[in-house]
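Inspection log for the structure reproduced underneath, given as structure tokens.
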Amino acid sequence: MKNLEIIGFKRANLDSASLSELRESGNVPCVVYGPGIKEQIHFYSPIILFRELIYTPEVHMVALNIEGTIIKAVLKDAQFHPVSEALLHADFVAYAEDKPIKFEIPVKVSGSSPGLAKGGKLELKTRVLKVKGLAKDFPDTIPVDISNLDLGKSFKVEDLSVEGFEILTSPNVSIVTIGIPRALRGKKGGEE
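Numbering (numbering that gives the first Met the number 0), first residue to last: 0 to 191.
Okay, structure coming up:
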């Protein structure tokens with residue numbers, strides 16, 4: 000799992016005028032809460048530091064450096080402007096390295112499917128899986144090998160084997176399906 004440092008500065012004024020000023024000056028208002036934090040910490044950070052955290056398919060653990068205090072956290076939520084899609088606010092949840100946390104990890108499809116070679120269509124049904132475990136045990140991605148998938152077949156969560164963490168997503172959820180195109184469906188129907 001990749002780690003990323005975000006430098007932040009505490010903010011005392013929580014009114015909307017102060018938030019607007021922060022955003023206009025290229026900063027993002029943030030909050031961190033969770034185990035080991037008695038009261039929520041409101042801080043701001045330069046928007047440029049969020050590029051690698053938000054605008055990428057990769058998942059990161061975050062070391063928040065708030066005026067010299069390091070807090071290990073994960074991004075819980077990010078709010079965006081409805082029109083400009085500019086980052087408006089970020090919520091972080093602190094975690095303890097020795098206690099399990101819930102997290103979402105993206106899946107990565109690999110392999111060459113016989114169904115694709117026959118003209119099938121790869122349908123990615125689930126992009127991320129909910130997991131629980133120690134942060135140090137989380138991989139960057141959860142690999143999904145489609146080498147054995149034929150036309151009309153699916154790879155489900157129950158088909159995964161992972162070590163070091165538990166998958167919370169329902170075992171019946173399809174991750175990848177090799178869809179049968181209409182042209183092939185009609186062909187099969189006419190042959191029978």
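Heads up, the beta-carbon is just placed ideally off N, CA and C, and yes, glycines get one too.
Keep in mind that this is a model prediction, so the values were computed, not measured.
Buried or exposed: which applies to Thr-176, given that a residue is buried once 16 or more other Cβ atoms fall within 10 Å of its Cβ? Against the sequence shown, residue 176 aligns to sequence position 177. Under this definition Thr-176 is a buried residue.
Determine whether the beta carbon atoms of Leu-86 and Ile-141 lie at a separation below 8 Å. Locating residue 86 in the sequence shown gives position 87, where the first residue counts as 1. Locating residue 141 in the sequence shown gives position 142, where the first residue counts as 1. Cβ distance not < 8 Å, so Leu-86 and Ile-141 don't count as in contact.
Using C-beta distances below 7 Å, list every residue in its chain close to Asn-2, excluding the 5 sequence neighbours before and after it, in chain order. For the purposes of this step, residue 2 is identified with residue 3 of the sequence shown, where counting begins at 1. Taken in chain order, the residues that qualify are His-59, Met-60 and Ala-62.
Closest by CA to Tyr-32, which one among Leu-52, Phe-91 and Arg-22? Here residue 32 refers to the residue found at position 33 of the sequence shown. Of the candidates Leu-52, Phe-91 and Arg-22, the one whose C-alpha sits nearest the C-alpha of Tyr-32 is Phe-91.
Kindly list the residues whose CB is nearer than 6 Å to the CB of Glu-103, restricted to its own chain and excluding five residues on each side of it in sequence; keep chain order. In the sequence shown, the residue the question calls residue 103 occupies position 104. Same-chain partners within the cutoff: Val-127 and Lys-129.
Beta-carbon spacing of Glu-96, Lys-135 below 8 Å: Here residue 96 refers to the residue found at position 97 of the sequence shown. Here residue 135 refers to the residue found at position 136 of the sequence shown. Their beta carbons are under 8 Å apart, which means Glu-96 touches Lys-135 by this criterion.
To the nearest angstrom, how far is the alpha carbon of Cys-29 from that of Gly-119? The count along the sequence shown starts at 1 and reaches residue 29 at position 30. The count along the sequence shown starts at 1 and reaches residue 119 at position 120. Roughly 45 Å between the two C-alpha positions.
If you run the structure through DSSP and keep just helix, strand and coil, what is Ser-19? By 1-based counting over the sequence shown, the position of residue 19 is 20. Ser-19 falls in the helix class under three-state DSSP.
Can you tell me where the alpha helix (DSSP H) with Ala-85 in it begins and where it stops? Translated into the one-based positions of the sequence shown, residue 85 becomes position 86. Where Ala-85 is concerned, there is no enclosing alpha helix (DSSP H), given that its DSSP letter is neither H nor E.
Could you please give me the residues that DSSP links to Ser-112 through a beta bridge? The residue given as residue 112 occupies position 113 in the sequence shown. The partner list for Ser-112 (beta bridge, DSSP) is empty, contrary to what the question assumes.
Please work out which residues of its chain come closer than 8 Å, Cβ to Cβ, to Ser-17, disregarding the five sequence neighbours upstream and downstream, and give them in chain order. The residue labelled residue 17 in the question sits at position 18 within the sequence shown. For Ser-17, same chain residues with a beta-carbon under 8 Å away, outside a window of 5 residues either side, are Arg-10 in chain order.
Quick check: Ala-93 and Ile-36, are their CB atoms within less than 8 Å of each other? Position 94 of the sequence shown holds residue 93. Position 37 of the sequence shown holds residue 36. The answer is yes: Cβ separation under 8 Å.
Beta carbon of Leu-48 nearer than 8 Å to that of Ile-6: Translated into the one-based positions of the sequence shown, residue 48 becomes position 49. Translated into the one-based positions of the sequence shown, residue 6 becomes position 7. A contact, by the Cβ cut-off of 8 Å.
Using the beta-carbon count (16 or more within 10 Å), is Phe-8 buried or exposed? Along the sequence shown, one-based indexing puts residue 8 at 9. Its Cβ having fewer than 16 others within 10 Å, Phe-8 is exposed.
Per DSSP, the bridge partner or partners of Met-60: Stepping through the sequence shown from its first residue, residue 60 is reached at position 61. In the DSSP secondary-structure assignment, Met-60 is bridged to Asn-2.
Give me the Cα-Cα distance between Arg-50 and Ser-24, rounded to the nearest whole angstrom. Translated into positions along the sequence shown, residue 50 becomes position 51. Translated into positions along the sequence shown, residue 24 becomes position 25. Rounded to whole angstroms, Arg-50 to Ser-24 spans 16 Å at the Cα level.
Below 8 Å on the Cβ atoms is my contact criterion, and I expect Asp-149 with Gly-114 to pass it. Report the Cβ-Cβ distance as a whole number of Å. Looking up residue 149 in the sequence shown gives position 150. Looking up residue 114 in the sequence shown gives position 115. About 4 Å; that satisfies the 8 Å criterion.
Helix, strand or coil: which one does DSSP assign to Phe-102? Here residue 102 refers to the residue found at position 103 when the sequence shown is read from its first residue. Looking at Phe-102 - three-state DSSP - the assignment turns out to be strand.
Straight-line Cα distance separating His-80 from Arg-22: Translated into positions along the sequence shown, residue 22 becomes position 23. Translated into positions along the sequence shown, residue 80 becomes position 81. So the alpha carbons of these two residues sit roughly 11 Å apart.
Which term fits Ser-109, buried or exposed, when burial requires 16 or more other beta carbons within 10 angstroms of its beta carbon? Stepping through the sequence shown from its first residue, residue 109 is reached at position 110. Around the beta-carbon of Ser-109, fewer than 16 other beta-carbon atoms lie within 10 Å, marking it exposed.
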